[in-house]
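**Student:** In this note's numbering, the protein residues as written are 2 to 193. All C-beta atoms, glycine included, are put in the ideal place defined by N, C-alpha and C.
Here is the structure:
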């Protein structure tokens, strides 16, 4: 069986993939994501392109492996929101999302010899109306500056929402395990 590589340094994606119960290693791809973000305005196309490019960087170095790349972003009223990077930006993102729906786009790409598989899961989330103090309190609790949309649903971020519509709840954390597990089984991985 080929070596499996997760093209990511994300602890969230690593923890998710561990749930499928097979051995893999994580290698962070060296990719200038900003160059793609400057050229691609369609959220789904951008997420799929970045997932592919992340996987492809690692696949070129390990062509006998199965490489999984993933990307996640928020589509809010036609604008792409990524990771906030700091608490001020996170506050502004949550203030904008407060009381409104948005889409969380999670794409993954699996590359192996002669095969390329790309899948996207769109989750629609509606945030409760939040005041400034609620936002600040949440940010102190979860410090979600490394997450698209500035929230961590797997932690206290769940309390920010009224409604979540998705086909795969693991996509919210960063890797859609339902479709990924199915695909990996189809190409021969033993997944319980």
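1. Between which two residues does the beta strand (DSSP E) holding residue 7 run?
2. Looking only at C-alpha atoms, which of 30, 190, 180 sits nearest to residue 62?
3. Rounded to whole angstroms, what is the Cα-Cα separation between residue 20 and residue 52?
4. What does residue 72 pair with, by DSSP beta-bridge criteria?
5. When we look at the beta-carbon of residue 153 and count the other beta-carbons within 10 Å, is it buried (16 or more) or exposed?
6. Drop a sphere of 10 angstroms on the beta-carbon of residue 171, count the other beta-carbons inside from all chains shown, and report buried for 16 or more, exposed for fewer.
7. Return the bridge partner residues of residue 113 from the DSSP annotation.
8. Could you say which of 190, 114, 132, 103 lies nearest to residue 167 if we only look at CA atoms?
9. By DSSP, does residue 54 sit in helix, in strand, or in coil?
10. For the alpha helix (DSSP H) that contains residue 35, what are its first and last residues?
11. With DSSP as the reference, please indicate the residues paired to residue 165 in a beta bridge.
12. State the Cα-Cα distance for the pair residue 35 and residue 94, rounded to the nearest angstrom.
13. Let me know the secondary structure DSSP gives residue 85 once reduced to three states.
**Tutor:** Taking the coordinates as given:
1. 5–7
2. 30
3. Spanning the two alpha carbons is a distance of roughly 20 Å.
4. 108
5. buried
6. buried
7. 116
8. For residue 167, the nearest C-alpha among the options comes from 103.
9. In this structure, residue 54 counts as helix in the three-state DSSP scheme.
10. 34–40
11. 126
12. 19 Å
13. coil
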